[in-house]
Each structure stands twice: as structure tokens, then as C-alpha cells.
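Data first, discussion second: the structure below is written as C-alpha cells.
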Ligand code: FAD
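Numbering (the working numbering), first residue to last: 14 to 311.
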């Protein structure tokens with residue numbers, strides 16, 4: 014792999030963001046903060062913390078976001094879903110997040126508590142979908158708003174064109190960035206971007222990169238998200254079932270190659286799904302050729 018060194022200092026042209034999820038146990042809490050500390054050296058442009066649909070992780074998300082802003086000093090976006098919540102309940106959460114310093118939301122519909130794939134029904138007094146939530150958030154404050162997008166279309170979406178129309182509506186309502194569902198086939202992303210451009214959507218669409226911690230588990234999850242698994246992944250991981258170190262090397266190479274190929278196609282912004290673990294993300298970024306940010310003199 015050819016490496017060009019890319020400075021992660023503030024002048025870097027390349028933008029990086031990291032996604033974390035709120036911890037569910039004391040051990041996971043320790044792991045999250047070790048990971049955040051470790052990955053801070055990459056000087057991410059922002060980090061984000063997921064939010065359990067229907068408010069299931071409200072307290073841990075709020076606490077993680079508070080700590081990332083106030084203690085880790087990171088520019089932090091909070092994800093927020095509107096499923097299974099009235100507008101009043103959603104606004105209360107927005108206020109709580111605003112009070113801990115949130116200025117950037119990843120505005121999402123979310124999936125019903127009954128699970129992905131069960132029919133979505135908007136709360137009778139809630140926001141109908143993510144586009145409506147974006148509009149509502151804009152009325153509540155001058156927030157930066159990112160949204161989701163789906164290069165392989167959302168699994169519930171009736172067509173690619175409806176999917177693109179929904180992204181356009183989210184942008185028209187005030188979203189300034191889309192973060193994609195993870196994907197592994199860059200040709201699919203390129204074709205998607207052609208449709209995005211043709212639809213007149215001007216906001217950056219940032220590829221979501223998922224380093225593969227475990228291919229078998231990922232396949233189950235990807236199936237529910239509508240992400241296809243190209244045959245080359247099976248080939249690359251074949252023979253590493255009982256070799257965790259070898260598997261990790263393959264995973265780092267695969268994600269780094271995906272990023273490098275996207276860079277050759279003109280992409281300079283990446284959102285990494287960290288799964289709250291640093292080693293693989295570090296290996297990916299090192300393989301790409303990113304150089305950690307220099308620490309500023311005290
Ligand atoms: P929307 O953008 O509202 O809709 C998704 C699709 O449904 C649209 O693209 C469109 O095809 C269709 N659709 C919606 N409304 C209409 C309509 N009126 N008419 C026709 N079609 C319509 N989930 C969480 O619970 N917590 C998180 O923190 C979280 N973070 C995420 C981050 C990213 C980057 C991504 C890509 C997904 C995330 N999700 C999260 C998952 C997300 O909540 C689910 O994919 C959910 O099913 C859809 O939410 P959305 O905001 O994409 O929905």
C-alpha cells in the first residue's frame with residue numbers, strides 16, 4: 014500500500030470524525046474513556062455519541078456527551094432520535110443536551126422499540142421522520158445538524174429515488190452534512206453520489222467507514238441495515254478464524270484500502286464507526302498514512 018503522510022493538525026484538508034456509543038456497564042465506561050483518550054491524538058474534527066431510539070440511552074448519552082465536551086474538550090455531536098417520543102419529550106431532551114454544551118445534533122428518526130424492520134408509525138404528537146426533526150431543531154436553536162444517508166438505500170425505502178428525495182428534504186430543512194450508513198463497495202457509493210449531485214443536494218455526504226472487528230457478527234448486522242457484503246471480504250478473511258492478530262491486520266488493511274480508494278475518487282472526509290475500541294481504528298489510520306496531530310505547546 015502506498016502511504017502519503019497526511020498531517021492531522023488543524024490545517025489538514027482531510028476531515029475525520031469518530032462515532033461512539035454510550036457505555037452500558039462500568040467496564041464499558043472504562044473502555045470508552047480509554048478509547049476516547051487514545052483516539053484524541055488524531056485530532057478529530059468532531060466526535061458523535063449515539064442515542065438509543067425512544068430514549069433508551071438518554072442518561073448515558075447525556076453523560077458521555079457532557080464528558081466529551083467538558084472533560085475531553087472535543088467538539089461533540091449528540092445523536093437524537095424522534096421515534097416513540099412526543100415533540101414535547103424530544104424538546105426536553107434537546108434542552109438537557111443544550112445545557113451540557115451541545116451545539117451539533119445528528120438528527121434521526123430511529124427504529125421502533127419493536128426492532129428494525131417492524132412497521133414505523135410516527136408518535137401521534139411527535140415528529141414524522143428525520144426531515145421533520147431537522148426542521149424542529151432549527152426552530153429551537155442555531156444548531157449544526159447532521160443526518161443519515163444510505164448509499165444502498167434505507168431497507169424500508171420503496172426506491173432509491175424516494176430515499177434521495179428524503180435526503181434532499183433533510184438538507185432543504187437545514188441539515189448541513191450527511192453521514193452514510195457503512196458500506197464496503199466504493200462503486201456503490203460513487204453511483205449514489207451521482208444521484209445525490211443530480212438531485213441538487215449540495216451538503217457534504219461523508220462516508221461512514223466500519224472497520225470490521227468480526228465479519229460473522231457484522232454480516233448479521235449488515236443484513237438488517239441493508240448493507241451488502243462483497244465476496245472479496247470472505248476471501249480476505251478466509252483462514253483467519255483462529256488467528257485474531259492476523260484478522261486484525263486484514264481488517265486494518267481492508268478499511269485503509271477503502272479510505273485510500275475513496276480519496277483517489279476525490280473524497281476527503283471520513284466518519285469512522287469506532288465501536289468504542291481504539292486499536293483497529295489506530296491501525297486503519299496509520300495504514301492510510303495519517304499522522305497524529307502534534308500536541309500544542311503548553
Ligand atoms: P429517515 O431519514 O427519516 O428515513 C429513512 C428512510 O425512510 C428515508 O431515506 C426514506 O427512504 C424513508 N422515508 C422516511 N420518511 C418517509 C416518507 N415520509 N415517505 C417515504 N419514505 C420515507 N439509530 C439510533 O437508534 N440511534 C442512533 O444514534 C443512530 N445513529 C445513526 C447514525 C447514522 C450515521 C446512520 C446512517 C444511522 C443511525 N441510526 C441510529 C439508525 C437509524 O435510526 C435507522 O436507520 C432508522 O431506521 C432510520 O432513521 P433515519 O433518521 O435515517 O430516518
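We put the CB at the ideal spot given by N, CA and C, even for glycine. Source: prediction; values computed, not measured.
- Message: For ligand 1, I want to know if residue 75 counts as a neighbour, meaning its beta carbon is within less than 7 Å of at least one of the ligand's heavy atoms.
- Response: no
- ligand 1 heavy atoms versus the CB of residue 104: any closer than 7 Å? no
- Item | Near ligand 2: residue 287 beta-carbon under 7 Å from a heavy atom | In the structure on display, ligand 2 does not appear, and the ligands it does have are ligand 1.
- Exposure label - residue 230; buried when at least 16 CB within 10 Å: exposed
- First and last residue of the uninterrupted alpha helix (DSSP H) at residue 149: 143-153
- At a cut-off of 7 Å, is residue 165 close to ligand 1 when judged by its beta-carbon and the heavy atoms of the ligand? no
- Identify the continuous alpha helix (DSSP H) that holds residue 136 and give its terminal residues. Per DSSP, residue 136 belongs to no alpha helix (DSSP H) and is neither H nor E.
- Query: When you compare each of 85, 134, 182 to residue 342 by their alpha carbons, which one comes out closest?
  - Reply: Look at the range of the chain in this structure, 14 to 311, and you will see that residue 342 is not part of it.
- Task: Leaving out five residues on either side along the sequence, give the residues of the same chain with a beta carbon under 6 Å from the beta carbon of residue 269.
- Result: 297, 300, 301
- Rounded straight-line distance, which links the Cα of residue 56 to that of residue 308: Its pLDDT being 48, under 50, residue 308 is placed unreliably by the model, and the measurement read from it follows with that caveat. Using only the alpha carbons, I get a separation of about 9 Å.
- Task: Quick one: residues in its chain with C-beta nearer than 6 Å to the C-beta of residue 85, no 5 flanking neighbours on either side, listed in chain order?
- Result: 49
- May I ask you to check if the CB of residue 66 is nearer than 7 Å to at least one heavy atom of ligand 1? yes
- Paired residues, beta bridge with residue 278 - DSSP: BP columns for residue 278 are empty, so no partner.
- Is the closest heavy atom of ligand 1 to the C-beta of residue 186 under 7 Å? no
- Query: Do residue 158 and residue 209 come within 8 Å of each other at the CB atom, strictly closer than that value?
  - Reply: no
- Look at the alpha carbon of residue 90 and the alpha carbon of residue 62, and state the distance between them as a whole number of angstroms. 7 Å
- Top-ranked residue by Cα proximity to residue 10, from 189, 51, 80, 280: A question about residue 10 goes unanswered here, because the residues of the chain that appear run from 14 up to 311.
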